[in-house]
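J.: So our numbering is basically just the index in the sequence shown, starting at one, shifted up by 645. Below is the structure I would like to discuss, written out as structure tokens.
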Amino acid sequence: MNVKALKTISFFVLFLLLISNPSFSREKRGRLNVVVTIPVLADFVRNIGGDLISVKSIITGLENPHTYEPRGSDVKAIASADLFVRVGLDLEAWSDKLVRNAGNSRLLQVTAARDCIVINNNPHVWMDIENARRMVTAITEGMIRADPSHTDDYRRNADLYIERLLTLDKKIRKDLSLLTGKAVVTAIPAFTYFLKRYGIKEAATIISVPGKEPSARHLRRVITLMRKRGIRIILTVPQFPPRIPDLVAEETGATVVVATQLPGSLPGTGTYIAMLREDVRRILNALGKRDKPE
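Next up, the structure:
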């Protein structure tokens, strides 16, 4: 083999090594390309990355992340991504197959809930602001791995965002203080972490298994419990059909409060912070307190 051929082969091998490096491929395309499973993760990524990133959420808000079926466009998005972020805790059981089908060998992945405080393997961990802080930290570390040249930017943005979360946490605790020690019923276990953080009891859940309707016997138990304890609030989400919560409310005189665990699924909930504020506003309105939290 002559010298010219050896140089050509060496150059080709070096080129392959370079393009397989995540930082190299990202710089060629510009901004860090991040794909996430649900909107709350997209919001975290935006607050950490700002103009340095582009982000796409597979779930847009109204789909059920437990039962979602990926589309071809999702596979295409993962195939060209630098970083993939999911919650974990079996919330997105479909995501492993999605990543395999995308065949992106340079894709970096982050399980955002890896350091969260978990209750009964409930995946809605971000509804506790302390868990949200931990998720932001985990995502920041993943973004730094994918794009080390902007380490300082990502860390600074994350610190500022966490400060905002902690300020909001104090405000919510004050706003919901009148509910401390009291009980509500939930349609699905989407608010378990939120309620626990602010000292509100989750007396019962209408549906504990995603996609499975409650039995008549279970509904009777919930109704009896609500009557006995004088529970007047049923928390539900826009993804959940209103028929069953409305039936329970009719039997008990309770008020159904449609709140959300996914930013963008209700008006005024475009970000994680806006979502929590709107959830609090709706709960307070159900209690007859009409002043909107700041």
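C-beta atoms are modelled at their ideal positions from N, C-alpha and C, and glycine is treated no differently.
Where does N930 fall in DSSP's three states?
T.: Correct three-state label for N930: helix.
J.: When the Cα atoms are used, what is the spatial distance from A931 to A904?
T.: Roughly 11 Å between the two C-alpha positions.
J.: Who pairs with K846 in a beta bridge, going by DSSP?
T.: In DSSP, K846 forms a bridge with A828.
J.: Do S702 and A687 have their beta-carbon atoms positioned less than 8 Å apart in this structure?
T.: Cβ atoms of A687 and S702: closer than 8 Å.
J.: Tell me which residues share the same chain as G909 and place their Cβ nearer than 6 Å to its Cβ, disregarding the 5 neighbours each side in the sequence.
T.: Cβ neighbours of G909 beyond the five flanking positions: P684, G706, G915.
J.: Can you have a look at S740 and say buried or exposed, based on whether 16 or more other CB atoms are within 10 angstroms of its CB?
T.: S740 is buried by the Cβ-count criterion.
J.: Are the C-beta of V690 and some C-beta of chain D separated by less than 8 Å?
T.: The structure shown contains no chain D; it is built from a single protein chain.
J.: Determine the closest residue to P887 out of L728, G875, A832, with distance taken between C-alpha atoms.
T.: When only C-alpha atoms are compared, the closest one is A832.
J.: Alpha carbon to alpha carbon, how far is R778 from L821? Give it in angstroms, no decimals.
T.: Near 20 Å, if we compare the C-alpha coordinates of R778 and L821.
J.: Judging by CA-CA distance, which residue of T900, L743, N692, T712 is the nearest neighbour of V854?
T.: If we check each option's Cα against that of V854, T712 comes out closest.
J.: For P710, is the classification buried or exposed, using 16 other Cβ atoms within 10 angstroms of its Cβ as the cut-off for buried?
T.: Flag for P710 reads buried.
J.: Is the CB-CB distance between V902 and I928 below 8 Å?
T.: Yes, they are a contact pair.
J.: Measure from the alpha carbon of V681 to the alpha carbon of each residue in L728, D792, F839, then state which is nearest.
T.: Comparing Cα positions, the closest option is L728.
J.: Within 10 angstroms of its Cβ, does D773 collect 16 or more other Cβ (buried), or is it exposed?
T.: Its Cβ being crowded by 16 or more others within 10 Å, D773 is buried.
J.: Count the other C-beta atoms from every protein chain shown that fall within 10 angstroms of the C-beta of R731, then say buried if there are 16 or more, exposed otherwise.
T.: So R731 ends up on the buried side.
J.: Within the continuous beta strand (DSSP E) that includes N678, where are the two ends?
T.: Segment 677-681, the beta strand (DSSP E) holding N678.
J.: State the DSSP-derived secondary structure class of L728, mapped to helix, strand or coil.
T.: Three-state DSSP puts L728 in a strand.
J.: Assess contact between the segment 712-725 and the segment 690-697, defined as three or more Cβ pairs (one per stretch) separated by less than 8 Å. Is contact present?
T.: No, the segment 712-725 does not touch the segment 690-697.
J.: Roughly how many angstroms lie between the CA atoms of A738 and V925, to the nearest whole one?
T.: Those two C-alpha atoms are separated by around 30 Å.
J.: Whole angstroms is fine: what's the gap from K815's alpha carbon to S725's?
T.: Their backbone Cα atoms lie some 40 Å apart in a straight line.
J.: Could you check where the alpha helix (DSSP H) with K857 kicks off and where it finishes?
T.: Unbroken run through K857: none, as it is neither H nor E.
J.: Run through DSSP, which three-state label would L911 get?
T.: In the structure shown, L911 sits in coil (DSSP, three-state: anything other than H, G, I, E or B).
J.: Around the Cβ of E923, are there at least 16 other Cβ atoms within 10 angstroms (buried) or fewer (exposed)?
T.: Under this definition E923 is a buried residue.
J.: Would you kindly work out how many angstroms separate the C-alpha atoms of A791 and Y917, rounded to a whole number?
T.: The alpha-carbon atoms of A791 and Y917 are separated by roughly 24 Å.
J.: Check this for me: beta carbons of I845 and V867, under 8 Å apart or not?
T.: Against a cut-off of 8 Å, the Cβ pair of V867 and I845 comes out as no contact.
J.: Taking I789 as the reference, which of I764, R809, Q754 has the closest Cα?
T.: For the residues I764, R809, Q754, the minimum Cα distance to I789 belongs to Q754.
J.: Give the straight-line distance between the Cα atoms of L661 and S794, rounded to the nearest whole angstrom.
T.: For L661, the predicted model reports a pLDDT of 44, less than 50, meaning its position is unreliable and no value from the coordinates is stated.
J.: Helix, strand or coil, according to DSSP, for L752 in the structure here?
T.: In this structure, L752 counts as coil in the three-state DSSP scheme.
J.: How is E737 classed by DSSP in three states: helix, strand or coil?
T.: Here E737 sits in coil by DSSP.
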